[in-house]
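Beneath this line is the structure, given in structure tokens, with notes to follow.
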Amino acid sequence: MGSERIDKTADPELAIDRALETYLKKGYSRNWINQRLNTIEVRKKRIDEWEKRYITDKRDFAILTDEITQAWVGKTTRQVTVRLYACCNVVK
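One point on numbering: in numbering that gives the first Met the number 0, the residue at position 26 of the sequence shown is 25, and numbering is uninterrupted.
As structure tokens, this is what we get:
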């Protein structure tokens, strides 16, 4: 397990392959998996940009994320999350 984590650090593609394998085993469609991996990549780029602008406090990240979510769907991040868990039987 430890060497696997080191390998993933040296080659991030291994982590992506592992995530793909895990999601497939859980029964997710390839389309869903691609969307999920894309969402992760976009979030990482957004966080990198915020960090370049000296935003490092987790509360600031939460506030900015909430603002983006409200502009996108008209609901807070918490409202979207609660609805997702309620309607889609998502297990946290």
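Just so you know, even glycine gets a beta-carbon here, dropped at the ideal spot from N, CA and C.
- Per DSSP, I32 is one residue of the alpha helix (DSSP H) stretching across 29-51.
- I46 and F60 do touch by the CB rule: their CB atoms are close to 7 Å apart, below 8 Å.
- Between T75 and D65, the gap from beta carbon to beta carbon is short of 7 Å.
- Counted as a single uninterrupted DSSP element, the stretch harbouring I54 is not any alpha helix (DSSP H), since DSSP gives it neither H nor E.
- Assignment of K74 by DSSP, reduced to helix, strand and coil, places it in the coil class.
- Under the three-state reduction of DSSP output, K24 falls in the helix class.
- In the displayed model, D65 falls within a helix according to three-state DSSP.
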